[in-house]
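Right, one structure below, let's go through it.
There are 2 protein chains.
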Amino acid sequence: MGATKTEHFTDKQNQIATIAKALGHPARIAIIEYLMKVNECICGDIVNELPLAQPTVSQHLKELKNAGIIKGSIEGNSICYCIDEKTIEILNTYFLKIIQTVSKSKCC
Amino acid sequence: MGATKTEHFTDKQNQIATIAKALGHPARIAIIEYLMKVNECICGDIVNELPLAQPTVSQHLKELKNAGIIKGSIEGNSICYCIDEKTIEILNTYFLKIIQTVSKSKCC
DNA sequence: AAACAATATCGTAATATTGCAATAAATTAA
DNA sequence: TTAATTTATTGCAATATTACGATATTGTTT
Chain A
1 MGATKTEHFT DKQNQIATIA KALGHPARIA IIEYLMKVNE CICGDIVNEL
51 PLAQPTVSQH LKELKNAGII KGSIEGNSIC YCIDEKTIEI LNTYFLKIIQ
101 TVSKSKCC
Chain B
1001 MGATKTEHFT DKQNQIATIA KALGHPARIA IIEYLMKVNE CICGDIVNEL
1051 PLAQPTVSQH LKELKNAGII KGSIEGNSIC YCIDEKTIEI LNTYFLKIIQ
1101 TVSKSKCC
């Protein structure tokens, strides 16, 4: 026990949970915000920006990339990361549906 | 080490991360979907609906409640849970801003 | 009050996440 | 080629999460 029972849930449920989980850490939100600020997609100054060591940042970037939230393209020596808004849109569409459904029905 | 360095991030960053994290598990997404389906807010048939034991479901409900995603009101013997769309809206507004910002800027 | 029902909490095992120092790998600059 | 730069990976310690049996709590019947 201890492991999430992924197989008991639908693909969609797992997809939404995976994306949300990747966004469920303040460092990763901070990375997203930084990528938004420097609208050209600069890479590893993220390390200088965040109060975390380089391996830790690298790991967070990896998780964001695995979840499809950012994408990185090699650019000479460094790597250019940027937000893939399509993935955020999946979440957005999903949550919007929740909000619409819930606001229609009266509750408790 | 091992604990998230919450204090290094802004309140907003922590708020968004907390809500996203609570949604970052397929069981909790399934709970949300069930609450949407039975638009009147029935309570612990969630246990019958999910492939998880009662204490596990109770724990997931607690986390959703702590994050402000659902609210529960005691109704006699049982508890009536329902989605608090205001919290989902916070996420939605935040993500929308990301999508808008990113789609404006060209990238990699 | 006693029996029942619905939830919550406790305790604990299994697993996952977070963070970082050390090190590796890949590219560029000298 | 050697040194420097940038990013990734490994290994490990600390902590958190997930899941559930057992048990407690709270309210409802009878």
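These protein sequence lines map, in sequence, to chains A and B.
Read left to right, the first sequence gives residues 1 to 108 (the working numbering).
Read left to right, the second sequence gives residues 1001 to 1108 (the working numbering).
Glycine included, every Cβ here is placed at the ideal spot set by N, Cα and C.
Verify whether the separation of the beta carbon atoms of residue 81 of chain A and residue 23 of chain A is less than 8 Å. The residue you call residue 81 of chain A lines up with position 81 of the first sequence. The residue you call residue 23 of chain A lines up with position 23 of the first sequence. The beta carbons of residue 81 of chain A and residue 23 of chain A sit no closer together than 8 Å.
DSSP three-state assignment for residue 1105 of chain B, whether helix, strand or coil: Position 105 of the second sequence, counted from the first residue, corresponds to residue 1105 of chain B. In the structure shown, residue 1105 of chain B sits in coil (DSSP, three-state: anything other than H, G, I, E or B).
Per DSSP, which residues does residue 1041 of chain B bridge with? Please list them. Indexing the second sequence from 1 puts residue 1041 of chain B at position 41. Answer is none; residue 1041 of chain B lacks a bridge partner.
Where does residue 114 of chain A fall in DSSP's three states? This structure cannot speak to residue 114 of chain A, because chain A is shown only from 1 to 108.
Between the Cα of residue 99 of chain A and the Cα atoms of B/1077, B/1085, B/1102, which residue gives the shortest distance? Locating residue 99 of chain A in the first sequence gives position 99, where the first residue counts as 1. For the set B/1077, B/1085, B/1102, the Cα lying nearest the Cα of residue 99 of chain A is the one of B/1085.
Which residues, in order along the region 1084 to 1102 of chain B, keep a beta-carbon less than 7 Å from a beta-carbon of chain A? Per Cβ criterion, the list reads 1085, 1088, 1089, 1091, 1092, 1095, 1096, 1098, 1099, 1101, 1102.
Contact set for residue 73 of chain A: own chain, Cβ-Cβ below 6 Å, skip 5 residues either direction: Looking up residue 73 of chain A in the first sequence gives position 73. Only 80 meet the Cβ criterion.
Compile a chain-ordered list of the residues in the region 1013 to 1025 of chain B whose CB is closer than 7 Å to at least one CB of chain A. If the cut-off is 7 Å between Cβ atoms, the region 1013 to 1025 of chain B has 1013, 1014, 1016, 1017, 1020, 1021, 1023, 1024, 1025 near chain A.
Run through chain B and tell me which residues come within less than 7 Å of residue 51 of chain A, C-beta to C-beta. Numbered from 1 along the first sequence, position 51 holds the residue referred to as residue 51 of chain A. Near residue 51 of chain A (Cβ distances below 7 Å), the residues of chain B are 1005, 1008.
How big is the Cα-Cα spacing for residue 66 of chain A and residue 1097 of chain B? Against the first sequence, residue 66 of chain A aligns to sequence position 66. Against the second sequence, residue 1097 of chain B aligns to sequence position 97. Straight-line spacing of the CA atoms in residue 66 of chain A and residue 1097 of chain B works out to 22 Å.
Pick from A/32, A/8, A/15 that is closest to residue 90 of chain A, judged by C-alpha positions: As a working mapping, residue 90 of chain A is identified with position 90 in the first sequence. Across the set A/32, A/8, A/15, the C-alpha of A/15 shows the shortest separation from the C-alpha of residue 90 of chain A.
Given residue 47 of chain A, which residues of its chain have a CB within under 7 Å of its CB, disregarding the five upstream and five downstream residues? As a working mapping, residue 47 of chain A is identified with position 47 in the first sequence. Counting only residues of its own chain and dropping the five nearest sequence neighbours on each side, residue 47 of chain A has a CB closer than 7 Å to the CB of 54, 57.
Under a three-way DSSP split, which group does residue 1079 of chain B fall into? Here residue 1079 of chain B refers to the residue found at position 79 of the second sequence. DSSP places residue 1079 of chain B in strand when its eight states are reduced to three.
Which value, in whole angstroms, describes the spacing of the CA atoms of residue 1059 of chain B and residue 1013 of chain B? Residue numbering aside, residue 1059 of chain B sits at position 59 when the second sequence is read from its first letter. Residue numbering aside, residue 1013 of chain B sits at position 13 when the second sequence is read from its first letter. Rounded to whole angstroms, residue 1059 of chain B to residue 1013 of chain B spans 24 Å at the Cα level.
If you follow the alpha helix (DSSP H) that residue 18 of chain A is in, where does it begin and where does it stop? Position 18 of the first sequence, counted from the start, is the residue given in the question as residue 18 of chain A. Note, residue 18 of chain A: alpha helix (DSSP H), 11 to 22.
Beta-ladder partner(s) of residue 1070 of chain B, from DSSP: Residue numbering aside, residue 1070 of chain B sits at position 70 when the second sequence is read from its first letter. B/1083, per the DSSP bridge assignment.
Residue 87 of chain A, buried or exposed, once every other Cβ within 10 Å from all chains shown has been counted against 16: For the purposes of this step, residue 87 of chain A is taken as the residue at position 87 of the first sequence. Buried, by the Cβ-count rule.
Using only alpha-carbon positions, find the residue among B/1026, B/1008, B/1003 that is nearest to residue 1061 of chain B. In the second sequence, counting from the first residue as 1, residue 1061 of chain B sits at position 61. Residue B/1026 holds the alpha-carbon nearest to the alpha-carbon of residue 1061 of chain B among B/1026, B/1008, B/1003.
Give me the Cα-Cα distance between residue 107 of chain A and residue 68 of chain A, rounded to the nearest whole angstrom. By 1-based counting over the first sequence, the position of residue 107 of chain A is 107. By 1-based counting over the first sequence, the position of residue 68 of chain A is 68. So the alpha carbons of these two residues sit roughly 35 Å apart.
With burial defined as no fewer than 16 other Cβ atoms inside 10 Å of the residue's Cβ, what is the status of residue 1010 of chain B: buried or exposed? Residue mapping note: residue 1010 of chain B aligns to position 10 of the second sequence, counting from 1. By the 16-neighbour rule on beta-carbons within 10 angstroms, residue 1010 of chain B is exposed.
Among B/1078, B/1031, B/1041, B/1028, which residue has its Cα nearest to the Cα of residue 109 of chain A? The structure shown does not extend to residue 109 of chain A, since chain A is modelled only from 1 to 108, so the question has no answer here.
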